[in-house]
Amino acid sequence: MQYGIKHNDRESICEALRKDLLTGKFDFEQPIREQKLAERFGTSRGPVRDALLRLTQEGVLVYEPNKGVRVSSPLTDAERDVVVSMRLRLEKFCLEAFIRDAKKHHFLQLSFLLERLNSACERASLPEVAECDLALHRYWVAQASPHLESLWLGLSVRMTMKYSRLSNYRQVIEEHNNVIHAVMEKDVEKALFYLEENVI
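Mapped onto the working numbering, the consecutive letters of the sequence shown carry residue numbers 1123 to 1322.
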């Protein structure tokens, strides 16, 4: 599929590749070819190279001299525990700041993102659920601290690559409903409690 991306090529390509990585369209350690991606996105290799560099800096891709770029290896259980802990610390900081400063239009956007996630769960569409889950969490991180967003994003995509923890979509709906309702009540303690239950 050719996208023909024209505006802000690097960011658009990054977003598309993050989605692919998140939903398991690439295997762990799979080589990534610049030319194939340039053809897919209908652009030159320059923006693709920039996007791959960005994703390498985020830790979801790895560059090896004389071999090129490949998808990162799976995290060990111990490594994943560390990544989860780091993500939670960042996200709790951002969620608390978001709750403190949130206005009506922020809550409306959260409601929209939550409805998207709920709809994806009802359709049992794993790729959509993974994408909508990330988008919901990313919203309050980005609103609270654009400086921390890229760091949070690398951790989050890395820990949820091949999003497969789902055995019960109803549980996903319930967990996120709990977080969002606490946020809308501006109950920081409850929101952070439910966030910690959700980010595993």
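Note that beta-carbon positions come from the ideal geometry of N, C-alpha and C, so glycine has one too.
{"Query": "Collapsed DSSP secondary structure at Y1125 in the structure displayed", "Result": "Note that Y1125 has pLDDT 44, beneath the 50 cutoff, so the model's placement of it is unreliable and no number is given."}
{"Query": "Own chain, CB closer than 8 Å to E1137, minus 5 neighbours either side, in chain order", "Result": "none"}
{"Query": "Beta strand (DSSP E) segments (min. 3 residues) lying fully within the segment 1149-1225", "Result": "1183-1186 and 1190-1193"}
{"Query": "Local conformation of S1241 per DSSP, three classes", "Result": "helix"}
{"Query": "Alpha-carbon to alpha-carbon, R1209 and M1281", "Result": "9 Å"}
{"Query": "At least 3 beta-carbon pairs within less than 8 Å: the segment 1301-1321 vs the segment 1166-1173", "Result": "no"}
{"Query": "Contained alpha helix (DSSP H) runs [length at least 4] in the segment 1265-1296, N- to C-terminal order", "Result": "1268-1282"}
{"Query": "When R1140, D1199, E1319 and L1236 are compared against Q1179, the one with the closest alpha-carbon", "Result": "R1140"}
{"Query": "8 Å Cβ shell around H1303 - same chain, five flanking residues per side excluded", "Result": "none"}
{"Query": "Three-state secondary structure assigned by DSSP to I1135", "Result": "helix"}
{"Query": "Cβ pair Y1316, V1301 closer than 8 Å", "Result": "yes"}
{"Query": "Inter-stretch contact at 8 Å, needing at least 3 Cβ pairs: the segment 1213-1233 / the segment 1184-1196", "Result": "no"}
{"Query": "Reduced DSSP category for E1250 - H, G, I as helix; E, B as strand; rest coil", "Result": "helix"}
{"Query": "Start and end residues, alpha helix (DSSP H) containing N1311", "Result": "Looking at the sequence provided, one finds Glu at residue 1311 rather than Asn. Taken as a continuous stretch (DSSP letters only), the alpha helix (DSSP H) holding E1311 covers V1310 to N1320."}
{"Query": "8 Å Cβ cutoff met for Q1152 and R1211", "Result": "no"}
{"Query": "Separation of E1186 from L1177, as counted between CA atoms", "Result": "14 Å"}
{"Query": "Candidates L1217, S1272 and A1246, of which the one nearest E1318 by Cα", "Result": "L1217"}
{"Query": "Own chain residues within Cβ distance below 7 Å of A1252, not counting five before or after", "Result": "L1144, T1145, T1282 and Y1285"}
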